[in-house]
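A short worksheet on the structure shown next.
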Amino acid sequence: MRRYTAMFATQPIRALCTLTIAGVLAPMAWAQHADMMVQQQDGKLVTGLAEIEGNNFTIPTQVYGAGLLSNYRASNPGFVALAEDSPLLPAGALPASTDLYFDFLTMTVEQSVSNLYYWDGLDDDLNGLNADDVDFVVPDNTTFRVVNNGTFTADASDQMVPGGLVYTTDFDGSIHTHPAYGVDTLDATTPAAGVYLVSMQLRMDGVETSDPVFLAMRTSALGSDALLAAQNWVADKIEMLTSPPVLTGDYNGDGLVDLADYTVWRNTLGSTTNLAANGDNSGASEGVIDTADYLAWKDNFGDSLAPAAALVTGSSVPEPMSLALLTVFGLMLLLGHFIQEKVAPHGA
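Here it is as structure tokens:
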């Protein structure tokens, strides 16, 4: 196995272009060889940035960027772990002779869940590319694969994809390896130009699994400003990307906004304790189930987290007046039952 040990401490340290957003270090390295560093800290795998040529190693980093060649292939970023005796080690060394694995994780963007996202990288408002232009969607007919001790594919589904072996650490805990990355289409056509986004976790026996890391890769048709905008966006959206999707109006949590959710709203109208139907928690609607929550449900009626879910044909959105009519009808039934009990003869 190939051993990596830092042997260039006398080389000048070049400036590492980084961006810190909400405590997340997002590397923007283009001119130098920059890899994903994996070490351990307090018994957990942590990720950082390894600027090999600049002899610069930093932790933590969650967001990585790289470029695909014109054939939609790449070999960066690689994976690096410093040896236990390295003076540059920013965290603990990995255990010796131990397998390091990766998995593709799902991400959440608004109401969608996928293990692969795509953005066309265009400046829609023509005022310079920035995070406001970023609009990641689930791509059709597209896969992202990593070839490293096997082939592992993020297929744009809503499922985590178990990955494979990254590398087996050397006797001193070190690693230096480069997988092959690639974007392909299912019908062998040319993939769309843009930025592709995947998320991974790293795991190893005896050490807690890493936090999710994100890899944005731009195609050669785009400039580095598109990748920078994508990385900025990801760094700012990590909480959303790693959280379950929120479907406004889905008051019973079944992944579909339908009549059953209207029933939840109707049955809790006016409540300040049961807030399952609190679809609009702003302004006067904060902390109470009211008409604003009905409107939130109505505006999203028919939406679904599951593409295969469908509403019953002919279903219509009930208006709030229906609640009043149902309430009156219910009171009439209750009153009729009460009167019947009063007039019924004993022993009947």
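Going letter by letter, the sequence shown gives residues -31 to -1, 1 to 317 in mature numbering (1 follows the signal peptide of the UniProt record, and there is no 0). Think of the CB as a built atom: it goes at the ideal place given N, C-alpha and C, for glycine as much as any other residue.
- For I207, the enclosing alpha helix (DSSP H) covers residues I207 to L210.
- Here the alpha carbons of A162 and L264 stand approximately 39 Å from one another.
- Just so you know, the alpha carbons of L18 and L238 end up roughly 52 Å apart.
- A check of alpha carbon separations from V78 across M209, N247, D249 and Q9 identifies M209 as the nearest.
- Here S273 carries a strand assignment [DSSP, helix/strand/coil].
- The three-state reading of DSSP puts T260 in helix, counting H, G and I together.
- Between N236 and the set V226, D259 and D223, the nearest pair of CA atoms involves D259.
- Residue environment for E20: buried (at least 16 other C-beta atoms within 10 angstroms of its C-beta).
- Excluding the 5 residues flanking it on each side, A52 has same chain C-beta neighbours closer than 7 Å at T(-27), A62, D141, G142 and S143, in chain order.
- Residue range D68 to L74 is occupied by the beta strand (DSSP E) that includes Y70.
- Of G271, G90 and T67, the smallest CA-CA separation from D102 is found for G90.
- Counting along the chain, the unbroken beta strand (DSSP E) around Y136 starts and ends at L134 to T137.
- Residue pairing by DSSP puts F113 in a beta bridge opposite A123 and V152.
- Bounds of the alpha helix (DSSP H) holding T232 are L228 to T237.
- Where D4 is concerned, the enclosing beta strand (DSSP E) starts and stops at A3 to Q10.
- Between the alpha carbons of V215 and V116 lies a distance of about 34 Å.
- Per DSSP, reduced to three states, the secondary structure at Q200 is helical.
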